[in-house]
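Count along the sequence shown from 1, then add 189; that gives the number in our numbering. Accompanying notes for the structure given below.
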Amino acid sequence: MPAPTLRNSRPPPRDQHRDLAASDPNKGDDRRSRTGSGRHCGGVHAALITASTLEISTRDGATLGATLYVATEVVRRVVVINAAMGVPQRLYAQYAKYLAGHGLAALTWDYRGIGRSAPKRLRGFAADLDAWAEHDLAAVIDWVDRRWPDARLLMVGQSLGGQILSVPANRDRIGAAMLVSCPSGHWGHWPAPGRYGMWSLATLGLPVGAAVFGYFPAKRLRLGEDLPAGVARQWARWIRMPRYIAGEPRLRERMASLRIPMRAYSFTDDGYAPLAAVESLIAEYANAALEHRRVDPSARGMPQVGHHGFFRERIGGVLWPETAEWLSQV
């Protein structure tokens, strides 16, 4: 792997902590179970990791399904894992358990309309990317802040999950962030013939699908979970803009406002995140202390990683120790 690039380096804040038993005013459904079947999961025995199923309420009345993984009584650091577009939180369960095994509480969750936050009927369901970022992600940050106000809040964002992390009004609560396979989605960053597919998705597939079905039928195209129509339309608009999400001035300003340590991982075999697209996106975090690690899986003895492989232990597990160490120290 080539030497990482680092810019705007600055010392991180000191850790603080709060007991796990702190009161939770928005606890909702908290069903706890032990994970694993006797094997080790990271630094502690898997049987010691607790997975709690939660519901988090947003200020505009939505209910989000979430899962908290924790193995320590005292929580000093909480990692919120933001999903990629149309990806349910179950993809991140293995990685969340691994982080919990290394002393980091980890929270996975679903955007409204996706996974455990989906309605019975998606057609006509009101949601867009603004709601996901400004209401849903903000509610998750608020939930963590209420439960552990003194803990250091860290974020791991895959693809869309890293693109929107600066959008919530309470973004100042984020202490550091790690981006995984996180590109700008503008179609022009893709080499041919991929760029023509992205252009077609933005100009035809997303808007037409949303208009015809009342949602975007991504499952039929093997592109992940079906998307609410408003999400599909806004995503299509972003893909058409040269600066993608940063094409909206208010969002560009929020991305530039982040002054936190960040690390970005991208992969040479990820067809959904070509290098030009990754570099365009991370350039928008202009004032962050951002380190980009471009990984060639074959050089690391890894199987094909692609866009999602990092979060599967048998594929991306070789990188998990260094990421857990970074999240534990940053």
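Idealized CB from N, CA, C, for every residue including glycine.
- Per the coordinates, the alpha-carbon of alanine 421 lies some 32 angstroms from the alpha-carbon of threonine 512.
- The DSSP-derived three-state label of valine 329 is helix.
- Glycine 292 and valine 259 have their C-alpha atoms some 8 angstroms from each other.
- Between arginine 409 and leucine 237, the alpha-carbon positions lie close to 39 angstroms from each other.
- Glutamine 347: not part of any alpha helix (DSSP H); member of the beta strand (DSSP E) spanning 341-347, first to last residue.
- Cβ atoms of threonine 247 and alanine 328 come within 8 angstroms of each other, at about 4 angstroms.
- Around the beta carbon of alanine 358, a 10 Å sphere encloses fewer than 16 other beta carbons of the protein chains shown; the residue is thus reported as exposed.
- Under the DSSP assignment, valine 369 falls in the beta strand (DSSP E) whose first and last residues are 363-369.
- Excluding sequence positions up to five before and after aspartate 317, its CB lies within less than 8 angstroms of the CB of Pro417, Gly419, Val420, Arg422, Gln423, all in the same chain and listed in chain order.
- In this model, arginine 301 and leucine 354 are separated by some 16 angstroms (Cα to Cα).
- The segment 451-460 makes contact with the segment 472-488; the number of CB pairs closer than 8 angstroms reaches 3 or more.
- Short of 6 angstroms from the beta carbon of threonine 261, and not among the five residues preceding or following it, lie these beta carbons of its own chain, in chain order: Gly292.
- Buried is the label assigned to proline 463, since at least 16 other Cβ atoms lie within 10 Å of its Cβ.
- In the DSSP assignment, arginine 483 is bridged to Ser455.
- In this structure, glycine 250 and glycine 313 do not form a Cβ contact; the two beta carbons are roughly 17 angstroms apart against a cut-off of 8 angstroms.
- For the 9 angstroms CB-CB criterion, alanine 366 and isoleucine 449 form a contact.
- Closest in alpha carbon position to arginine 265, among Ala295, Gly398, Tyr281, Gln283, is Ala295.
- Cβ contact annotation for alanine 445 (same chain, cutoff 8 angstroms, sequence separation greater than five): Glu473, Tyr474, Ala475, Asn476, in chain order.
- Beyond the five residues adjoining it in sequence on each side, tryptophan 376 comes within less than 7 angstroms, by CB distance, of Arg384, Met387, Trp388, Ala391, Ile428 in the same chain, given in chain order.
- DSSP lists Ala255 as the beta-bridge partner residues of tryptophan 298.
- Straight-line spacing of the CA atoms in arginine 432 and serine 373 works out to 7 angstroms.
- Residue pairing by DSSP puts isoleucine 270 in a beta bridge opposite Thr297, Val345.
- In the DSSP assignment, leucine 243 falls within the unbroken beta strand (DSSP E) covering 239-246.
- DSSP places glutamine 283 inside the alpha helix (DSSP H), whose first and last residues are 282-290.
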